[in-house]
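Q: Protein chains in written order, with this note's numbering: chain R, 394 to 856; chain C, 731 to 982. Every residue gets a Cβ at the ideal spot worked out from N, C-alpha and C, and that includes glycine. Computed from a prediction, not measured in an experiment: that's the story for all the values here.
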Amino acid sequence: MNSFVRLLRAEWTKFRSVRRWVITAVAAAVVSAVASTAFATLSSTDANDYPNYIDQFHFVHQSMAGDGSVVARVASLSAGNDGARAGLMVKQQAVSGSPYAAVYVAPAHGVRLESNFGAATSGGAGGAPTWLRLTRTGSAIAADESADGTVWTRVGVVPMDRLPTTVEIGLFVSSPTESVMEQQFGSTHRESTPTLATATFDHVALTPRSTADWRSDDIVMAPVQSEPTQPGSMTESDGTVTVAGSGDITYVVIGDDDVVLTALDGLLLGLVMVVVLAVLTISSELRRGLIRTTFTASPRRGRALLAKAVVVAAVSFVVGLVGALASYGLARPQLARNGFAAPNYPVLSLTDPTMLRVVVGAGLLLALVGVLGVALGALLRRGAAAITLMLLVFLLPTVFDTALPLDVARWIGRSTPVAGLAILQTRSLWNTATTPWAGLGVLAAYATVVLVLAVWRIRRRDA
Amino acid sequence: MRLLRAETVKLGTVATNLWLLLGTAGGMVALGATVTATVHIDQCTSPAECFEDTTRLGLSGVHLGQILVIVLAVLCVSGEHDTGMIRTTFAAAPRRLRVFAAKAAVVTGAALAAGALAVAGSIALARPILRHNGFAHLPAPAEGPSLRAAVGTVLYLGLIAVLSLGLAALVRDTAVAITAAVGLLYLFPIVSQFVDSDLIRTYGPLSAGLAVQATVGLDHARIGPWAGLAVLAGWAATFALAGAARFVLSDP
């Protein structure tokens, strides 16, 4: 063990006494941060200009002045998809985006009460037929459910401040648009298919009683924010109201950028410099014949190579850590000024567990790249070849990413060394190839295998 | 003329260079075929509405080919600096600008030759693969846009050789020159994935130069095929001039 420490110290001395290498290592961190900041000034988003909700459905409603309630039995809910809903709603106006409270039956969730695109309160298991009741008392909306219409269970009460005297109250049905992202031939597009759910309501009653006609409206959003929906409808016969509706009522996050990844994109330049540095530390020693001196001093060649890999890994770790910290510290505020801010892009502090993982991960990523570089340099013994191969492996997939069919691109992102970059991701998107630690594990496996091969070769062959 | 022959001999007698040229052609054909094999007519909305640029797809091996051309061109200059052979060259041929011109001519010629072979091979292989995958109506290879894409790809590789040679003469170090050349090409497209800037997307040497491969959707292309190649020629000329200046003015 003691001799390995001596080897480490020897390799560290070699590294720090070559001025070029020290400069390259420092430059790698600086270039990462400067590039990240420069790219950040060029990125902007208008995500926060859009409302954070989808509010589209079919609404069968009447105006109601003051306190009162609506009761109905959801007899059946069919077609649509798992996100379909049928139930009762109080809404300030029959306009998309206006405040509301709703109690509904959903195949995926049972009975639920929710208001103003917030979190839902769950009731019973639901399943049609289920009786529902929604009652307004001043600024409080209470929801109840029942299996038979006589014994009622409270689902919850939600406050609705600033609700005007007259509100719209009635039945609603929605069924979310199904979206699939497709990537082919270098372009991505979203394939959206609207779905339509049909629900039958009976025992519909308003208190106080009303003789007005029910109005039947599709609530839709402005075209730029909307998802495609199908027109809904309402028919009534013998006290049974059949309502068909399309759309969704939910909070949404606008924008699908991984802003942490954007803030750290300059790190790719640092990675390229670490590749060069790592390969050259071994290939130049092989080329200049210094390796013979090294092996004379330390006849156990494998350990000498391992010591070199450890030193390069440690240096690269610091480069990655400092590069990521500086990039995030400089680029993230700039991105926030360019629109990447809450609510759609909340700024994570560096003490957030996700950011800790990303920053430490950036260090580990570059450390593994460094090990792979040393190993490949020792294995191929030619700096030019090793550098070219490393750059091909790390840069080509990034470029080809969107040009390949999605399954091929994801396979590359999951199974080749470039998977290691996943440690920097903070969002799971439709084209995400792998999870952070699994990706880093794949890179670690490649680095280990190539290092073992390099040790085997350097022990077997003359220097 | 003697200089040209000397440079040809130097290039031709190093085994690595021959492997690189062979690799350029072989790798390009292989990558082109692999990429082509991943597409199928089923991925189109309908066979009649398939606007896929099959010609460009068949030539996508250029991404591998150009890396090997870079290595070849860089080694041709920095290899001599590394070994000190450059002093012998200058002793034999004191007019350095002519040495540089001869090097450029030979390397570019080699890149063009390998490129022509690779493009011919890529097209020959891509057509049956595409037909097998259901693409029935392929444009004739010797016709209008397809011919332009083919010839343009060969010229593209020639320009990449000039650019890399200039870079190598400028920095005189194999590792740095290769990294800088690859970085210069791929930095722009990578950055444009994160950064929404048309300037970066259009005028980077890689995307501008490869605009010449486009055969469909030309009316909404960011830059015309020949204009794009001209932009790359500008990049190449800049680096060639800078490289030549250092080659001539500063002693090895």
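Start and end of the alpha helix (DSSP H) containing C:Asp928?
A: Element bounds for C:Asp928: 928–933.
Q: Here's the rule: buried if 16 or more other CB atoms are within 10 angstroms of the residue's CB, otherwise exposed. What is R:Trp823?
A: Label assigned to R:Trp823: exposed.
Q: Residues of chain C with CB closer than 8 Å to the CB of R:Ala777, please, in chain order.
A: Near R:Ala777 (Cβ distances below 8 Å), the residues of chain C are Val801, Val804, Leu805, Thr904, Ala905, Ile908.
Q: With DSSP run on the structure shown, which of helix, strand or coil describes C:Ile800?
A: If DSSP states are grouped into helix, strand and coil, C:Ile800 belongs with the helices.
Q: Check the Cβ-Cβ distances between C:Tyr916 and every residue of chain R, and say whether any is below 8 Å.
A: True, the Cβ-Cβ gap to chain R drops below 8 Å.
Q: Under the rule that 16 or more other beta-carbon atoms within 10 Å means buried, what is R:Asn737, buried or exposed?
A: With 16 or more other Cβ atoms within 10 Å, it is buried.
Q: Taking one C-beta from the segment 443–458 of chain R and one from the segment 537–556 of chain R each time, how about it: are there three or more such pairs within less than 8 Å?
A: Taking 8 Å as the limit for Cβ pairs, the verdict is that the segment 537–556 of chain R does not touch the segment 443–458 of chain R.
Q: Take the Cβ of C:Thr838 as the centre, count every other Cβ of all protein chains shown within 10 Å, and call the residue buried at 16 or more, exposed below.
A: C:Thr838 is buried by the Cβ-count criterion.
Q: By the criterion of Cβ-Cβ separation under 9 Å, what are the contact partners of R:Ser720 in chain C?
A: Neighbours of R:Ser720 on chain C: none; closest Cβ ~12 Å, over 9 Å.
Q: If you measure from the beta carbon of R:Leu788 to each beta carbon in chain C, is any gap under 8 Å?
A: R:Leu788 counts as touching chain C.
Q: Thinking C-alpha only, which one of R:Leu699, R:Ile780, R:Ala656, R:Ala802 is nearest R:Gln727?
A: Out of R:Leu699, R:Ile780, R:Ala656, R:Ala802, R:Ala656 has the C-alpha closest to the C-alpha of R:Gln727.
Q: Taking 7 Å as the line, does the beta carbon of R:Gln818 fall inside it for any heavy atom of the ligand FAD?
A: Ligands displayed in this structure: none; no statement on the ligand FAD is therefore possible.
Q: Rounded to a whole number of angstroms, what is the C-alpha to C-alpha distance between C:Ala872 and C:Gly762?
A: Looking at the two C-alpha atoms, the distance is approximately 18 Å.
Q: Among R:Ala420, R:Arg750, R:Pro492, which has the Cα closest to the Cα of R:Pro829?
A: Comparing Cα positions, the closest option is R:Arg750.
Q: Examine chain C for any beta-carbon lying closer than 8 Å to the beta-carbon of R:Thr781, and answer yes or no.
A: Yes, R:Thr781 counts as interfacial toward chain C.
Q: Does the segment 855–870 of chain C come into contact with the segment 915–922 of chain C, if we say contact requires no fewer than three beta-carbon pairs (one atom in each stretch) closer than 8 Å?
A: Not touching, per the Cβ criterion.
Q: Can you give the Cα-Cα distance for C:Ala967 and R:Thr438, rounded to whole angstroms?
A: Cα to Cα, C:Ala967 sits roughly 37 Å from R:Thr438.
Q: Against chain C, with Cβ distances strictly below 8 Å, would R:Leu673 count as a contact?
A: R:Leu673 counts as touching chain C.
Q: Measure the beta-carbon distance from R:Gly754 to R:Ile816 and round it to whole angstroms, keeping in mind my assumption that it falls under 8 Å.
A: Going by Cβ atoms, the distance from R:Gly754 to R:Ile816 rounds to 3 Å, so yes, they are a contact pair.
Q: So is R:Phe432 in contact with chain C if we call contact Cβ pairs under 8 Å?
A: Interface residue, yes.
Q: At least one CB of chain C closer than 8 Å to the CB of R:Thr819: is that the case?
A: Cβ-Cβ to chain C under 8 Å: no for R:Thr819.
Q: Considering just the uninterrupted stretch of the beta strand (DSSP E) at R:Trp545, what are its terminal residues?
A: R:Trp545 -> beta strand (DSSP E) spans 545–552.
Q: Can you tell me the Cα-Cα spacing of C:Trp956 and C:Val942, whole angstroms?
A: Computed Cα separation, rounded: 6 Å.
Q: What are the start and end residues of the alpha helix (DSSP H) that includes C:Phe830?
A: From DSSP, the alpha helix (DSSP H) with C:Phe830 extends over 826–862.
Q: Which same chain residues end up closer than 8 Å to R:Ala533 when comparing Cβ atoms and leaving out the 5 residues on each side of it in sequence?
A: Here the set comprises Val550, Val551, Pro552, Met553.
Q: Who are R:Ser821's beta bridge partners in DSSP?
A: Paired residue(s): none; R:Ser821 is not in a bridge.
Q: Could you tell me which chain R residues have their CB closer than 7 Å to the CB of C:Val912, listed as they occur along the chain?
A: Near C:Val912 (Cβ distances below 7 Å), the residues of chain R are Leu784, Leu788.
Q: Anything in the segment 450–471 of chain R with a Cβ closer than 7 Å to a Cβ of chain C? List those residues in chain order, please.
A: Those would be none; no residue qualifies.
Q: Looking at the secondary structure, which residues open and close the alpha helix (DSSP H) in which R:Trp524 lies?
A: R:Trp524 -> not in any alpha helix (DSSP H); beta strand (DSSP E) instead, spanning 523–530.
Q: Between which two residues does the alpha helix (DSSP H) containing R:Glu858 stretch?
A: Outside the shown range of chain R, which is 394 to 856, sits residue 858 of chain R, and nothing can be said about it.
Q: Just verifying my parser: in three-state terms, what is the DSSP assignment at R:Met457?
A: Reduced to three states, the DSSP call for R:Met457 is strand.
Q: Could you check what DSSP says for R:Thr643 in three-state terms: helix, strand or coil?
A: The answer is strand: DSSP assigns R:Thr643 an E or B state.
Q: Can you pull the chain C neighbours of R:Leu741, defined as C-beta to C-beta under 7 Å?
A: Within 7 Å Cβ-Cβ: nothing; R:Leu741 doesn't reach chain C, min ~18 Å.
Q: Do we get a CB-CB distance below 8 Å when we pair C:Pro875 with the residues of chain R?
A: Closer than 8 Å: no.
Q: Would C:Ser852 count as contacting chain R if we go by Cβ distances under 8 Å?
A: For C:Ser852, the answer is no, since every Cβ of chain R falls outside 8 Å of its Cβ.
Q: Considering just the uninterrupted stretch of the alpha helix (DSSP H) at C:Thr819, what are its terminal residues?
A: Unbroken alpha helix (DSSP H) run through C:Thr819: 815–822.
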